[in-house]
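The listed protein sequences derive, respectively, from chains A and B. Counting in the numbering used here, the first sequence runs from 534 upward without gaps. Counting in the numbering used here, the second sequence runs from 534 upward without gaps. Backbone N, C-alpha and C define an ideal beta-carbon position, used for all residues, glycine too.
There are 2 protein chains.
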Amino acid sequence: MIGRQIGMTKIKNMEEFAALSGISRPTVSKYFQDPDSVRPTTKARIEEALERFDYRPNIYAVNQNRKLTKNIGIVVPYLADPFFAEIARYLEQSCIAAGYRPSLFSSHGEQKLESEILDGLQSMKPAGVLLAPLGRISDRSAIEKFCANVPTVLFDSNIEGLGAAFIGSDNFSFVSQTVEYMTRTGEPPSFFEMRTPANPNANKRRKAYVEVMERLGFEPHIIKVDGKGWAFEEIGHKGALKVLEERALRTDSVLCSNDRLAIGFLAACFEQGIRVGRKEDCTLRVASNDDHPFAKFTCPSLTTAAHDYDNVAGRSVETLFELIENGGKFESRTETLFPARLVLRDSA
Amino acid sequence: MIGRQIGMTKIKNMEEFAALSGISRPTVSKYFQDPDSVRPTTKARIEEALERFDYRPNIYAVNQNRKLTKNIGIVVPYLADPFFAEIARYLEQSCIAAGYRPSLFSSHGEQKLESEILDGLQSMKPAGVLLAPLGRISDRSAIEKFCANVPTVLFDSNIEGLGAAFIGSDNFSFVSQTVEYMTRTGEPPSFFEMRTPANPNANKRRKAYVEVMERLGFEPHIIKVDGKGWAFEEIGHKGALKVLEERALRTDSVLCSNDRLAIGFLAACFEQGIRVGRKEDCTLRVASNDDHPFAKFTCPSLTTAAHDYDNVAGRSVETLFELIENGGKFESRTETLFPARLVLRDSA
DNA sequence: TCCTTTTTTTAACGCGCGTAAAGTTTTTAT
DNA sequence: ATAAAAACTTTACGCGCGTTAAAAAAAGGA
């Protein structure tokens, strides 16, 4: 590009750029905050200069002087879980589209890290934060303190009373659909879960399972497997081996609390030569919840209740933007839950 | 905490904090840059004050005045791939341990996004950047320009001549181990890959496959499947269905270019009732490369060549730190490759 | 103890930009 | 054309901290 040759004059600051573009610095400053806040002709002149020289405001100087930055923090509990990676992607892009600068953080399943992230986030003076907390193992008081200082919207995983709003999935809808489907088409399922799940959704799913089973006149049967951390597949795998060995299943149906457990469960079944599915030669049906990105590729493919990804993510950012525009406070904390969509595949 | 009551006095700036701690501001400033650069007694006094009041330097003011920030950018091509999520986790933690502030970005498989990320990264004036580029679809000139301004270490995916150094895996080692294993224990494998892989590793793996096969006296047989983007499982799945339908395999062995393709391949085999593995009743053996976090839970579990995660990640950050200490330039660009470790599971 | 070395204090400037006030120019409406 | 409104320019201050130079204080050594 020939134009770049002129651009080789490296511009230090807005003062210099303003001079080169023939506009005063305060106006240029105004332009960068909102290009449409200046007269079209001056806007054109600035953008013309912007093409010739490449200059952009020093973000540190900008953020120091703005009371509120354009930063948005996105915190998820475990990024190596493709579910969160996917949702984070959506959140990121929505923030960018709205003119914000998202920063993505993963708590990696550790309370300490979550607290540290929130700590560091505070000094970034973000306009707002989208937080999917660890859940049970979160440091409630740390999050509480954080939320008092930073406009925060919780998503995916609810912690009673924390944050200005919560957007997530309706766990009852998930479980009722899967349970009803399984009972309608075969025997009622046992519920397969971790003994001490970190995620609050897990507890709600268990309760929903019990409630739906009782409503349908079946006796709930819950199988709890040991294991800590976020290696759900491993936990599901080990747990399933044990369950199969002990013949702990009362029927030919299992509903896993989440897809990652189910992935481990199916792997164990395969190893044990147990045919899973609703075909005639199958002896077990396995369903689950979440519609994990890999659920389509399990063997057999996993029947599961899908999150309304788009709506959860979309509403989360919308809510955060409202919150920000509202000065960081809502009159009352709202909880928005989206229902599941049953995805029938081969496993049940 | 009672102490926090005193801390309720909210501190605006370092000036105020310095006054409260009884130390002059320049010394306090010095402390925050390196706590050991001040006398132990003053360090103690500052830290004592730090306990009573909670203050931390304004990162924007700090970064504005520092020539080099303590920020480190980590850019991966696709974060929804657990492989990158895992490696990013390691990189993050190493950076934090070294006193830096990592920021994680995902290109989400898009060239435009990768360029935008690098663009935004530049204005963050990072001390250094760890970049795993998209590969073939990267905007070479954009990355080149970026590397000229920011100390950058490439990892995982090499682009000839770009960045101050490259750290990755030795694709030849991957493929030679899997091919040799498969030929030694059975028939020589066909090579299953995408027609136009974005990742340069894929090309190196193909070449290695051909080379090793020829060396062993077998005729290479490459199967290329269509598909774009990063939905490798889907592509592998569709491709496998086609391959199986057309009976395009010449032997009972397949080596997939990477695990995500293999996951799709195995799902397709399962659906078609093809038994995979080395047991007697199996008609196909499938191996792959990467040791994806889910490779253990495929059906059957996947025999694969594992990345030396720890060393690749570890050496990457080490190299970046050296680069930073070296003023952002190395005498010559180095390429470091780590060999694979063959992981024998059930699929081959 | 006195002198040297190290550290801290005081004072002051600069970073790049937001922002406000007052004056000037341009646009819009009458 | 003229007055009113809107946008722009000029001037200047402030943000919070890095950094420096000179002066003062503290620490270490003989």
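Hey, residue i and residue j are a contact pair by Cβ (cut 8 Å); roughly how many whole angstroms apart?
{"i": "V708(B)", "j": "A741(B)", "result": "4 Å"}
{"i": "V712(A)", "j": "I650(A)", "result": "At roughly 36 Å, the Cβ-Cβ gap does not stay under 8 Å, so V712(A) and I650(A) are not in contact."}
{"i": "F854(A)", "j": "A631(A)", "result": "6 Å"}
{"i": "S826(A)", "j": "E619(A)", "result": "Here residue 826(A) is Pro; the residue named in the question, Ser, does not match the sequence. That belief holds up - the Cβ atoms of P826(A) and E619(A) are roughly 6 Å apart, short of 8 Å."}
{"i": "A800(B)", "j": "F830(A)", "result": "4 Å"}
{"i": "A838(A)", "j": "D824(A)", "result": "7 Å"}
Exposed or buried, residue i, counting other C-beta atoms within 10 Å across all chains shown (16 or more means buried)?
{"i": "R783(A)", "result": "exposed"}
{"i": "S495(A)", "result": "Lying before the first or after the last residue shown, residue 495(A) is absent from chain A, which here runs from 534 to 881."}
{"i": "R818(B)", "result": "buried"}
{"i": "I755(A)", "result": "exposed"}
{"i": "K645(B)", "result": "exposed"}
{"i": "L545(B)", "result": "According to the sequence shown, residue 545(B) is Lys rather than Leu. Exposed, by the Cβ-count rule."}
{"i": "G661(B)", "result": "buried"}
{"i": "T867(B)", "result": "exposed"}
{"i": "E548(B)", "result": "exposed"}
{"i": "D759(A)", "result": "exposed"}
{"i": "P559(A)", "result": "exposed"}
{"i": "N859(A)", "result": "exposed"}
{"i": "D879(A)", "result": "buried"}
{"i": "S636(A)", "result": "buried"}
{"i": "E726(B)", "result": "buried"}
{"i": "S865(A)", "result": "exposed"}
{"i": "A551(A)", "result": "buried"}
{"i": "L663(A)", "result": "buried"}
{"i": "Q805(B)", "result": "exposed"}
Between residue i and chain B, is there a C-beta pair that is closer than 8 Å?
{"i": "L774(A)", "result": "no"}
{"i": "Y623(A)", "result": "no"}
{"i": "G657(A)", "result": "Residue 657(A) is actually Met in this sequence, not Gly. Chain B, which has a Cβ nearer than 8 Å to the Cβ of M657(A), makes this yes."}
{"i": "K545(A)", "result": "no"}
{"i": "L777(A)", "result": "no"}
{"i": "N791(A)", "result": "no"}
{"i": "F725(A)", "result": "no"}
{"i": "P568(A)", "result": "no"}
{"i": "E619(A)", "result": "yes"}
Taking a contact to mean a Cβ-Cβ separation below 8 Å, would you say residue i touches residue j in this structure?
{"i": "V683(B)", "j": "L654(B)", "result": "yes"}
{"i": "I670(B)", "j": "I692(B)", "result": "no"}
{"i": "A955(B)", "j": "F565(B)", "result": "Chain B is shown only over 534 to 881; residue 955(B) falls outside these bounds and no answer can be derived."}
{"i": "C832(A)", "j": "F798(B)", "result": "no"}
{"i": "I556(A)", "j": "T542(A)", "result": "no"}
{"i": "L788(B)", "j": "F688(B)", "result": "no"}
{"i": "A873(B)", "j": "R811(B)", "result": "no"}
{"i": "S834(A)", "j": "N791(A)", "result": "no"}
{"i": "I629(A)", "j": "T852(A)", "result": "no"}
{"i": "P610(B)", "j": "G642(B)", "result": "yes"}
{"i": "S554(A)", "j": "K563(A)", "result": "no"}
Verify the CB distance criterion: does residue i have a CB-CB separation below 8 Å to chain A?
{"i": "R537(B)", "result": "Because the pLDDT of R537(B) is 43, which lies under 50, any placement of that residue in the model is unreliable, and the question is left without a value."}
{"i": "F830(B)", "result": "yes"}
{"i": "A820(B)", "result": "no"}
{"i": "A630(B)", "result": "no"}
{"i": "R589(B)", "result": "yes"}
{"i": "K593(B)", "result": "According to the sequence as given, residue 593(B) is Tyr; it is not Lys. Yes, Y593(B) counts as interfacial toward chain A."}
{"i": "I556(B)", "result": "no"}
{"i": "G540(B)", "result": "Low per-residue confidence applies at G540(B): pLDDT is 43, beneath 50, and the placement is therefore not dependable, though the value from the model is reported in the following sentence. It does not: the Cβ of G540(B) has no partner Cβ on chain A nearer than 8 Å."}
{"i": "N732(B)", "result": "no"}
{"i": "S636(B)", "result": "yes"}
{"i": "Q805(B)", "result": "no"}
{"i": "A660(B)", "result": "no"}
{"i": "N596(B)", "result": "yes"}
{"i": "A898(B)", "result": "In the structure as shown, chain B starts at 534 and stops at 881, and residue 898(B) therefore has no counterpart that could be examined."}
With a threshold of 7 Å (Cβ to nearest heavy atom), would residue i be considered close to the ligand SAM?
{"i": "Q805(B)", "result": "The model on display carries no ligand, and the ligand SAM is accordingly not part of it."}
Looking only at DSSP bridge pairs, what is residue i linked to?
{"i": "T542(A)", "result": "Looking at the DSSP assignment, T542(A) forms no beta bridge with any residue, so it has no partner."}
{"i": "A839(B)", "result": "D823(B) and R874(B)"}
{"i": "C628(A)", "result": "DSSP lists no partner for C628(A)."}
{"i": "N604(B)", "result": "R634(B)"}
{"i": "G701(B)", "result": "L870(B)"}
{"i": "I755(B)", "result": "F724(B)"}
{"i": "S674(A)", "result": "Its beta-bridge partners do not exist; DSSP assigns none."}
{"i": "T685(B)", "result": "V662(B)"}
{"i": "R818(A)", "result": "S786(A)"}
{"i": "S639(B)", "result": "V609(B)"}
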